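Down below is the structure, laid out as structure tokens.
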Amino acid sequence: MLQIRWHGRGGQGVVAAARLLGRAAAVYEGRYALSFPSFGTERRGAPVKAFTRLGDRPIRDRSQIYTPDCVVVFDVTLLEGGDTWQGLRHGGIFLLNAPFEPHSLPLQGVTFYRVDVTALAREVLGQPLVNTAMVGVLAGITGWVSGEAVKGAIFDLFPARLAEKNWLAAEKAYLLGQELREKGRRA
Amino acid sequence: MRDYRNANEAVALAVRLARVEVVAAYPITPQTAIVEEIAGQIARGELDAEYIRVESEHSALAACYGAAVAGARVFTATSSQGLAYMYEMLHYASGSRVPVVMAVVNRGLAAPWTIWTDHQDSVSCRDTGWIQLYVETAQEALDTALQAYRIAEHGEVLTPVMVCLDGFVLSHTEEVVEIPRQEEVDSFLPPYRPAYYVDPERPAVFAPGMGPDLYPSYKRSQQLAMEKAREVIKAVDEEFGALFGRRYGGLAEPYRCEGAKAVLVTLGSVTSTAREVVDRLRQQGHAVGLLRLRALRPFPAQEIREILGGAEVVAVLDRNCSFGLEGAVCTEVKAALYGLARQPQVLGFIRGLGGQDISQADIEEIFQHALSFSPGRR
Chain A
1 MLQIRWHGRG
11 GQGVVAAARL
21 LGRAAAVYEG
31 RYALSFPSFG
41 TERRGAPVKA
51 FTRLGDRPIR
61 DRSQIYTPDC
71 VVVFDVTLLE
81 GGDTWQGLRH
91 GGIFLLNAPF
101 EPHSLPLQGV
111 TFYRVDVTAL
121 AREVLGQPLV
131 NTAMVGVLAG
141 ITGWVSGEAV
151 KGAIFDLFPA
161 RLAEKNWLAA
171 EKAYLLGQEL
181 REKGRRA
Chain B
1 MRDYRNANEA
11 VALAVRLARV
21 EVVAAYPITP
31 QTAIVEEIAG
41 QIARGELDAE
51 YIRVESEHSA
61 LAACYGAAVA
71 GARVFTATSS
81 QGLAYMYEML
91 HYASGSRVPV
101 VMAVVNRGLA
111 APWTIWTDHQ
121 DSVSCRDTGW
131 IQLYVETAQE
141 ALDTALQAYR
151 IAEHGEVLTP
161 VMVCLDGFVL
171 SHTEEVVEIP
181 RQEEVDSFLP
191 PYRPAYYVDP
201 ERPAVFAPGM
211 GPDLYPSYKR
221 SQQLAMEKAR
231 EVIKAVDEEF
241 GALFGRRYGG
251 LAEPYRCEGA
261 KAVLVTLGSV
271 TSTAREVVDR
281 LRQQGHAVGL
291 LRLRALRPFP
301 AQEIREILGG
311 AEVVAVLDRN
321 CSFGLEGAVC
331 TEVKAALYGL
341 ARQPQVLGFI
351 RGLGGQDISQ
361 ADIEEIFQHA
371 LSFSPGRR
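Chains as they are written, first to last, in this note's numbering: chain A, 1 to 187; chain B, 1 to 378.
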């Protein structure tokens with residue numbers, strides 16, 4: 001089973017991203033998934049967490065994710081909170097959306113990826129809406145779900161016109177992720 | 001069809017598949033998504049139902065009551081304070097024997113104010129004469145909502161049903177859900193055709209004033225209907241299983257209780273996480289098991305005696321507190337075991353109030369506690 005914890009700010013679509021990844025695996029790859037929002041106060045701009053579990057058997061653990069295989073951070077300012085990497089497993093992946101390299105993070109035994117997904121989203125969508133592209137990058141880097149599965153889930157969850165634009169962004173991000181695969185910085 | 005849905009969406013799908021005719025509800029987190037989705041279904045023409053907008057939960061249930069008395073299949077949903085506000089009407093519905101089905105998306109009660117899950121809301125309504133079924137997954141929420149109509153509308157039951165599902169842990173958690181086809185559901189659940197309903201051609205009174213000479217006989221009939229509901233719940237679950245391939249154990253579902261020294265009793269979504277812990281502890285050689293109570297009313301006392309009678313220690317996980325005593329389920333499990341020649345020790349654990357996460361480690365700790373409990377110590 002793979003456990004992914006998503007960190008973002010209210011309004012950035014972390015909950016939708018968690019669902020998108022789960023749907024891609026569950027509906028388009030015949031696997032099992034569980035996705036849910038953090039159990040905290042959700043307000044626009046406030047730190048928000050969401051969770052996805054992926055597996056080949058029905059997923060029964062419904063508690064929050066304490067030892068993720070992967071942490072995805074939508075907003076570089078969340079690093080200041082200091083809890084994004086909490087519990088990240090040895091050998092896990094830390095994926096950060098940031099326009100610049102952050103100063104040293106206390107990461108050990110994990111692989112670190114930084115991608116400027118906001119720039120990519122601005123370019124394709126004309127807006128800094130990163131959630132579908134973040135799922136694309138993650139899928140590209142890890143291969144945990146296929147690009148086709150992500151595409152299917154995007155078209156299920158968005159109205160046609162929005163889906164097309166979002167898939168453009170996610171596909172671009174997916175290809176970028178594939179290029180980065182195995183090229184993360186070992187920390 | 002294999003889909004990826006949360007339990008709120010699953011319940012709304014069940015309402016559509018059940019061809020519900022009247023819906024009246026008032027929004028409250030975390031239930032709101034159910035009635036929003038139903039409103040959408042009606043607006044899109046997917047469900048031919050009357051949606052009555054009301055100013056409160058009390059009125060929501062009053063409207064459902066009226067529609068049910070007129071012979072319609074009805075649905076409503078609420079949570080927490082909303083359920084508390086319905087309290088008076090809960091008794092009207094059960095006393096008048098109208099088969100309302102209501103989704104209760106479990107949420108703690110204020111104060112302090114919370115939107116997160118526990119069972120205080122529905123457990124506080126334990127004695128309102130409603131059947132209460134607690135579900136473990138989004139799939140079971142959908143399937144149980146369908147089963148609930150068969151149970152509630154059964155001629156010898158005619159008792160309203162609460163389908164209780166944990167807020168957020170189920171209501172806002174997406175997972176794989178198999179959505180039954182309409183034809184399959186139609187064959188399982190025929191249209192509601194009550195023997196008695198308000199009809200100008202056949203004047204009748206529902207909920208009349210009643211003197212002490214007859215009132216007790218009405219209450220007795222409610223109790224007998226609940227007794228009847230025991231077998232109906234089991235039979236409906238069996239029939240559903242034969243048609244759809246999914247069964248939920250009727251009133252209570254044991255998991256790996258064979259030869260178990262310590263058994264955990266659960267209600268709701270925590271069961272799912274507990275199965276994981278039971279498997280791991282079994283693998284490590286610990287004789288542990290799990291008993292999930294699906295029905296709180298009617299209470300599965302017989303099943304509890306049969307399944308728990310052989311255990312040495314029973315740990316009851318309550319997501320509620322009957323202040324001044326203990327967790328409500330703990331008390332009831334003890335009462336069910338009363339009179340057995342060899343009674344297991346019963347330990348109560350109150351966890352997960354107001355959305356407090358219940359992790360595998362928390363459940364394992366409860367099992368360790370139970371396993372290390374020596375029978376001589378009380």
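Just so you know, even glycine gets a beta-carbon here, dropped at the ideal spot from N, CA and C.
Please read these numbers as outputs of a predicted model, since none were measured by experiment.
- The beta carbon of P37/A sits closer than 7 Å to some beta carbon of chain B.
- At a cut-off of 7 Å between beta carbons, E276/B contacts chain A.
- A contact is defined here as three or more CB-CB pairs under 8 Å, and the stretch 93–103 of chain B meets this definition with respect to the stretch 71–84 of chain B.
- If you check each beta-carbon in the stretch 344–373 of chain B against every beta-carbon of chain A, the ones closer than 7 Å belong to G355, D357, I358, S359, Q360.
- Interface with chain B (7 Å Cβ-Cβ cutoff): V72/A is excluded.
- Nearest CB-CB separation between D69/A and chain B: not below the 7 Å threshold.
- Within chain A, the residues whose beta carbon sits less than 7 Å from that of R2/B are V27, listed in sequence order.
- From the listed residues I141/A, F158/A, E29/A, the smallest Cα separation to V71/A is found for I141/A.
- Against chain B, the beta carbon of A33/A has neighbours under 9 Å at Y4, E174, E175, V176, listed in chain order.
- Residue burial is scored here from C-beta neighbours: T67/A has fewer than 16 other C-beta atoms within 10 angstroms and is therefore classed as exposed.
- Between the alpha carbons of L165/B and A361/B lies a distance of about 23 Å.
- In chain order, W85, L88, F94, A187 place their CB closer than 8 Å to the CB of L107/A, counting only its own chain and leaving out the 5 sequence neighbours on each side.
- Residue state for H172/B is assigned as coil, using DSSP reduced to three classes.
- Considered as a whole, the stretch 11–99 of chain B harbours 22–25, 50–53, 74–78 as its complete beta strand (DSSP E) runs of no fewer than 3 residues, in chain order.
- Segment contact: the stretch 228–241 of chain B against the stretch 250–261 of chain B, three or more CB-CB distances shorter than 8 Å; contact assigned.
- Minimum Cα-Cα distance from R292/B among the listed residues R282/B, D279/B, V316/B, R280/B corresponds to V316/B.
- In this chain, the alpha helix (DSSP H) harbouring Y149/B covers 138–153.
- The beta-carbon of Q64/A is placed less than 7 Å from the nearest beta-carbon of chain B.
- DSSP places C164/B within a strand segment (E or B) once states are collapsed to three.
- Listed along the chain, the chain A residues whose CB falls inside 8 Å of the CB of V169/B are F36, R62.
- With fewer than 16 other beta carbons inside 10 angstroms of its own, E101/A counts as exposed.
- With a contact defined as Cβ atoms closer than 8 Å, R246/B and Q139/B qualify at about 7 Å.
- Counting other Cβ atoms within 10 Å of its Cβ, G13/A reaches 16 or more and is therefore classed as buried.
- For a cut-off of 8 Å, the C-beta gap from V110/A to G136/A is around 21 Å, too long to register as a contact.
- Here the alpha carbons of Y32/A and A301/B stand approximately 35 Å from one another.
- In chain order, R62 make up the part of chain A whose C-beta sits under 7 Å from the C-beta of S269/B.
- Taking a C-beta cut-off of 7 Å against chain B, the contacting residues of the stretch 8–24 of chain A are R19, G22, R23, listed in chain order.
- Here L340/B is exposed, its C-beta having fewer than 16 other C-beta atoms within 10 Å.
- With contacts defined by Cβ atoms closer than 7 Å, E312/B and K261/B form a contacting pair.
- With a cut-off of 8 Å on Cβ pairs, the stretch 177–186 of chain A is not in contact with the stretch 156–176 of chain B, counting fewer than three such pairs.
- E29/A is positioned such that its CB atom lies no closer than 7 Å to that of A139/A.
- One thing to note: G108/B has its Cβ within 7 Å of the Cβ of G354/B.
- Among the CB atoms of chain A, one or more fall inside 7 Å of the CB of T273/B.
- Look at P254/B here: in three-state DSSP terms it is strand.
- C125/B carries a coil assignment under DSSP once its states are collapsed to helix, strand and coil.
- Cβ-Cβ distances below 6 Å link N8/B to A33, I34, S171 in the same chain, with the five nearest sequence neighbours on each side left out; the list follows chain order.
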